[in-house]
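> One structure, pasted below without further comment.
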Amino acid sequence: MPSLLRRIVIFAAVDGLILQSPGHGSRYNGNGDYTSIRIDYKTNRIASLSGPASDLSVRKDFASLETYGLVGLLSVASYSFLIAITQRQQVAQIQGKPIYSIAHVAVIPTSSQEDASRAILQAKESILQGEESDYNDTASEEADVSEAETDGSDAEEISTAPASPIRETRHPRNDSISSNITENMIGKKVRFGRFAANWLSRKAMGLPGLGTAELNTQEDTESVGIPMVEFKENDPVVARSAYAANTEEPIASASYSSSPKNSELLPPTETKPIELLPKLLRYSKLIFSSSNFFFSYDYDLTRPISSQPSAGSGHLPIHKVADELYFWNQNLMLPFTTAGMHPFVLPLVQGFVGQSEFTVAAKTDPSSEAEPSEARILGEKQEVEEVKIAAEKRNYLLTLISRRSVKRPGLRYLRRGVDDDGNTANTVETEQILSVPDWDPSHNVYSYLQLRGSIPLYFSQSPYSFKPVPVLHHSPETNKLAFERHFRTISRRYGRIQAVSLVDKRVPELKLGEQYEKYAQGFNQSGGIDGVPLGFEWFDFHNECRGMKFENVSRLVDKLADTLEEFKSIVVNNGTIIQDQTGIVRTNCMDCLDRTGVAQCAFGQWALERALKQEGIDIDLGGDSSTRWFNILWADNGDAISKQYSSTAALKGDYTRTRKRDYRGALNDFGLTLSRYYNNIVNDYFSQACVDYLLGNVSTQVFQEFATELQTADPGISVQKLRQNAIDTSCRIVISDQSEEFLGGWTMLTPRQPNTLRTLPFEESVLLLTDAAVYSCRFDWNTDKVLSFERIDLRSITRINYGTYITSTLTEAQSDEQHNVGLVIEFREGDNNALRVNTRSLQSEVDPKALDNQWDMSSWFRGPQRVKPRIMAFKALPQSNSVTQTRRRKSATVSEIDWVQTICEEIERAMRAGEQTPANEPRPSVIGPAEIISLAEAKKRTGLLEHLVHDIKKMVWA
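Quick look at the structure:
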């Protein structure tokens, strides 16, 4: 496998950046043009150029920054930012190859040389001020990296394994890594306070952007490694932001480039995502500097030790053989892979990597008892006893690697359950490796794999409750399909499956646990996975371990002992797999965090004891006080996974570390629960949008959607399929006359109260058209049921108006007259019209007049109204969103107004189909353009209270 670049120097050049390492050099100018470059490292000058930009004008000194690799290129609209690794920490070594965590990154704009130079200098200052000694030590270790690459060795970077925790030896930077997340939050409270103050100020009240004119202070911009914005009067975008502080005009987004080409006004579709660009950059730097991302130049962290690339694949770049399921920066590296810059592509894994070296005593061989007596005769008693003691003690190395899946990624309450492809939230593969410290290939290496993941059903939980009730979604057929798809997928990867559910057998978790068990039983009754049944064990963790007796989880291990023995573990010797693991234990609780961490630690203990037994060593890890290192390693793993999913350390961590549970641990868990609750309702919403965007699951429109709705679509669930299912379900339920021919169905937004134009909140409903009537169906998307429907005979329709339909002016997107359109159907009362509600009783018909809201319609439509009509109002849903834009990058999208007009024409065509009119007397069209709610009228009706509520929400969610 070709070596990745261990030393990359980034130079700020005209119209782009230069990436240079011994033997490799490229210049990226933002337009896809690359230039081969050779740098003289003694003078930091360009020695030679070749390619489209090989002109003499770029041969000069540049601001430069030495980095340890690249995270990738973050592109938003016309802006690009290079994310580079500026600090790293070695956390382990596997087969003599060092494993690092990312400790710090720099975000460098590629817009101009001036911007890039400023960011590079800020990154340098941050490194020198923060950890000057560590930086200098690392630099000296790699003083001659070019020679190491030439020799094919990496002696300068390979160190011995991190010391065992028993020896009280720790890396200096690890202290900050393992600190409590609550302390980190408290430490950042000052900055959050300023951010909140900006939101609550009058200058940002009711505005779509972040108020970048106030946020772009020296402190904020330096924290993300981006240059200060210069506000210039002659810049049409920046000037508007600068002078908005003294006026009440809407604050526009500031340009982040001082170069002329980027200071021009961008098209509307490109400027909208820039509103949240400062916060996106801050989050990107925060997440990649969180010590939760790991990499290696020579070892493929994305795969277990038994699946490492063979010698025959040595000619392939490491990203070509990496497992895409755990390749977290693959999307950010696309510009490099597309350009063929393979040596610069460094796969990152999110999760955990930890290592402990330990010493254990081996069994005493009875046959050796004769040696001491013989030695005494020879007068060599002391020497032989010393040899015997040395032979009884053996040194081993335990490595723990957790890999978080890039499928259905995200945060606790915003990504739950399963998606349409069978991927579950918080899916993590954990590998436990036992080896000797020097990784002698002739000595056995033992590897044991486990899996955690959310319950593979469609469900959600509200983030506003300490004890949220799980809510199941979608039809049994839809859940069954996703459930089976999930287990078939992991079976192809791991073999047999033993599912372990740790949810409570009492409310509120009981219902979801019962459904999980029900689908597992049904799956086995239908043949399981190619005739092999799915193992399922429901262990009521809280009941079995009540009284804080978490050691009772051993009951679960004992119950599954036969299955664990059948699955075995992986044994590798001299690069050959002499024993393979034929199955995997898949563990879950509600979050797949705390209870799951304790259970997986127990299974890991079982695997380690079996591996040591094969080495001739009997040890009770649970009862031996000298094995505290094992508990600490698993507790650190649990904390890391928990922070990545819930933003706090794992609960029950005191037991995992010490095997003891007392009131202090309970109080600590209560504090972590409060911290999780805070994050659920404050930080997670925007963070989820960022995660989806960094992974390439959504387009830049996700930030526009967030600014409007304060939430984002779930890219793992096909909204199109859900809406089509709602249309099909509504057809089966509401169309009672078999003679009616179904002509079409659409999902649209409707006011909460019928016969009104603006009663909030608007609900997504189903509009059905037959050859006899129009149906407006209010749909329960959680249970796939029709709550109510109103039937309007086509003969009673008098008018169909379509046009601008603005229901709120809180954000720029909601005020867009081109995208906020709808239609209103006017109709007379008739005997064939009906309104029915699902009352779960015999009486379902309701008098429509009883639900009428006395709304004066005269101001909404043109022309006099002889009789006050009843109406059906429908607002068009966006025809594209951040998910559909990502999946259909090249397909054309029909505009909202054209889509609405087509629906109106379909309704009129159905009305005309049954009429008998002479050809020379055509009936005038009932369709006409009209402003349903104009922008001016919407501004009048959007009150101060709505502005206040929205701004408070935005302050909290964003």
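Counted the way this note's numbering counts, the sequence shown spans residues 3 to 960.
Just so you know, even glycine gets a beta-carbon here, dropped at the ideal spot from N, CA and C.
Out of G718, G698 and A691, which has the shortest C-alpha to C-alpha gap to T710?
Taking the sequence shown and counting its residues from 1, the one referred to as residue 710 is at position 708. Measuring from the Cα of T710, the nearest candidate turns out to be A691.
> Using CA atoms only, rank isn't needed, just tell me which of F354, Y398 and L399 is closest to E431.
Translated into the one-based positions of the sequence shown, residue 431 becomes position 429. Per the Cα distances, F354.
> Taking the straight line between their C-alpha atoms, what separation do you get for P311 and L334?
Looking up residue 311 in the sequence shown gives position 309. Looking up residue 334 in the sequence shown gives position 332. Answer to the nearest angstrom: the Cα atoms are 23 Å apart.
> By alpha-carbon positions, which one of L514, F744 and T584 ends up nearest to G497?
As a working note, residue 497 is residue 495 in the sequence shown. Taking only the C-alpha atoms, the option nearest G497 is T584.
> Just to confirm, is the Cβ distance from L562 to E539 under 8 Å?
For the purposes of this step, residue 562 is identified with residue 560 of the sequence shown, where counting begins at 1. For the purposes of this step, residue 539 is identified with residue 537 of the sequence shown, where counting begins at 1. Yes, these two residues count as a Cβ contact at 8 Å.
> From the DSSP output, in three-state form, read off A940 for me.
As a first step, residue 940 must be located in the sequence shown, where it is residue number 938. It is helical.
> Considering only residues of the same chain and omitting the five flanking positions on each side of R754, which have a CB-CB separation below 8 Å?
The residue you call residue 754 lines up with position 752 of the sequence shown. Cβ within range, chain order: T761, L762, P763, F764 and E765.
> Tell me, please, which residues DSSP counts as bridged to F83.
By one-based count along the sequence shown, residue 83 stands at place 81. Its beta-bridge partners are L76 and P111.
> What's the gap between the Cα of K787 and the Cα of F781?
Position 785 of the sequence shown holds residue 787. Position 779 of the sequence shown holds residue 781. Counting only the Cα atoms, F781 lies some 6 Å from K787.
> Under 8 Å between the Cβ atoms of L796 and A912?
In the sequence shown, residue 796 corresponds to position 794, counting from 1. In the sequence shown, residue 912 corresponds to position 910, counting from 1. Yes, the pair counts as a contact, with Cβ atoms nearer than the cut-off.
> Find the nearest neighbour of L789 within the set I735, L879, S128 and D302, judged by alpha-carbon distance.
Taking the first residue of the sequence shown as 1, we reach residue 789 at position 787. Out of I735, L879, S128 and D302, I735 has the C-alpha closest to the C-alpha of L789.
> On the DSSP letters alone, give me the boundaries of the beta strand (DSSP E) that D795 sits inside.
Residue numbering aside, residue 795 sits at position 793 when the sequence shown is read from its first letter. K787 to D795 is the extent of the beta strand (DSSP E) around D795.
> Mind checking S375: buried by the 16 CB within 10 Å criterion, or exposed?
Numbered from its first residue, the sequence shown carries residue 375 at position 373. For S375, the predicted structure reports a pLDDT of 42, less than 50, and the residue's modelled location is therefore unreliable. A value from the coordinates is still provided. Per the 10 Å Cβ criterion, exposed.
> Going by alpha carbons, who is nearest to S358 out of T944, W631, Q616 and S293?
Residue 358 sits at position 356 when you count from the first residue of the sequence shown. When each option's Cα is compared against that of S358, the closest is W631.
> Whole angstroms is fine: what's the gap from G606's alpha carbon to Y450's?
Here residue 606 is taken as the residue at index 604 of the sequence shown, counted from 1. Here residue 450 is taken as the residue at index 448 of the sequence shown, counted from 1. Cα to Cα, G606 sits roughly 8 Å from Y450.
> Could you give the DSSP three-state label for H321: helix, strand or coil?
Within the sequence shown, numbered from 1, the residue matching residue 321 stands at position 319. Helix, per DSSP.
> Kindly list the residues whose CB is nearer than 6 Å to the CB of S437, restricted to its own chain and excluding five residues on each side of it in sequence; keep chain order.
Taking the first residue of the sequence shown as 1, we reach residue 437 at position 435. Same-chain partners within the cutoff: L399 and V447.
> I need the straight-line Cα distance from I643 to V768, nearest angstrom please.
By 1-based counting over the sequence shown, the position of residue 643 is 641. By 1-based counting over the sequence shown, the position of residue 768 is 766. C-alpha separation (whole angstroms): 41 Å.
> I need the DSSP call for R780, collapsed to helix, strand or coil.
By one-based count along the sequence shown, residue 780 stands at place 778. If DSSP states are grouped into helix, strand and coil, R780 belongs with the strands.
> Quick check on the DSSP output: the alpha helix (DSSP H) that includes T813 runs from which residue to which?
Walking along the sequence shown from the start, residue 813 turns up at place 811. Unbroken run through T813: none, as it is neither H nor E.
> Three-state secondary structure (DSSP) at L336?
Against the sequence shown, residue 336 aligns to sequence position 334. Correct three-state label for L336: helix.
> Going by DSSP in three states, P368 sits in which element: helix, strand or coil?
Taking the first residue of the sequence shown as position 1, residue 368 is located at position 366. Here P368 scores only 45 on pLDDT, less than 50, and its place in the model should not be relied on; the value that follows carries that caveat. DSSP places P368 in the helix class (H, G or I) of the three-state scheme.
> Just list the residues that DSSP pairs S437 with in beta bridges.
The count along the sequence shown starts at 1 and reaches residue 437 at position 435. BP columns for S437 point to L399.
> Going by DSSP in three states, F297 sits in which element: helix, strand or coil?
Looking up residue 297 in the sequence shown gives position 295. F297 falls in the strand class under three-state DSSP.
> Pick out whichever of A522, L614, H544 and V420 has its Cα sitting closest to the Cα of V534.
As a working note, residue 534 is residue 532 in the sequence shown. Answer by Cα proximity: A522.
> Quick check on L770: does DSSP put it in helix, strand or coil?
Counting from 1 along the sequence shown, the entry for residue 770 is found at position 768. Strand.
> Which residue from N481, Y687, S897 and A105 puts its Cα closest to that of K520?
Within the sequence shown, numbered from 1, the residue matching residue 520 stands at position 518. Taking K520 as reference, the option from N481, Y687, S897 and A105 with the minimal CA-CA separation is N481.
> Measuring only the C-alpha atoms, how far is D596 from G640?
To locate residue 596, count along the sequence shown from 1; it is residue 594. To locate residue 640, count along the sequence shown from 1; it is residue 638. Going from the Cα of D596 to the Cα of G640 covers about 7 Å.
> I'd like to check one pair, P472 with L413: are the Cβ atoms closer than 8 Å?
Indexing the sequence shown from 1 puts residue 413 at position 411. Indexing the sequence shown from 1 puts residue 472 at position 470. Not in contact: L413 and P472 (Cβ atoms no closer than 8 Å).
> What residue range is occupied by the uninterrupted alpha helix (DSSP H) comprising M913?
The residue you call residue 913 lines up with position 911 of the sequence shown. Residues E898 to A915.
> Just the Cα atoms here: how many angstroms apart are K507 and H544?
Here residue 507 corresponds to residue number 505 of the sequence shown, with the count starting at 1. Here residue 544 corresponds to residue number 542 of the sequence shown, with the count starting at 1. Their Cα atoms are separated by approximately 9 Å.
> Less than 8 Å separating the beta-carbons of F329 and V408?
For this step, residue 329 is matched to residue 327 along the sequence shown. For this step, residue 408 is matched to residue 406 along the sequence shown. Contact: yes.
> On a CA-only basis, which of K877, Q92 and E939 is nearest S298? Give me that one, please.
By 1-based counting over the sequence shown, the position of residue 298 is 296. Of the candidates K877, Q92 and E939, the one whose C-alpha sits nearest the C-alpha of S298 is Q92.
> Is the beta carbon of L635 sitting closer than 8 Å to the one on L402?
In the sequence shown, the residue the question calls residue 635 occupies position 633. In the sequence shown, the residue the question calls residue 402 occupies position 400. For L635 and L402, yes; Cβs fall inside 8 Å.
> Keeping to the same chain, check which residues put their C-beta closer than 7 Å to that of E805; ignore five residues upstream and five downstream.
Walking along the sequence shown from the start, residue 805 turns up at place 803. Strictly speaking, residue 805 in this sequence is Gly, with Glu absent from that position. Cβ within range, chain order: V823, P931, A932, E933 and I934.
> Could you tell me the alpha carbon to alpha carbon distance between N397 and T361, rounded to whole angstroms?
As a first step, residue 397 must be located in the sequence shown, where it is residue number 395. As a first step, residue 361 must be located in the sequence shown, where it is residue number 359. Cα to Cα, the separation comes out at about 4 Å.
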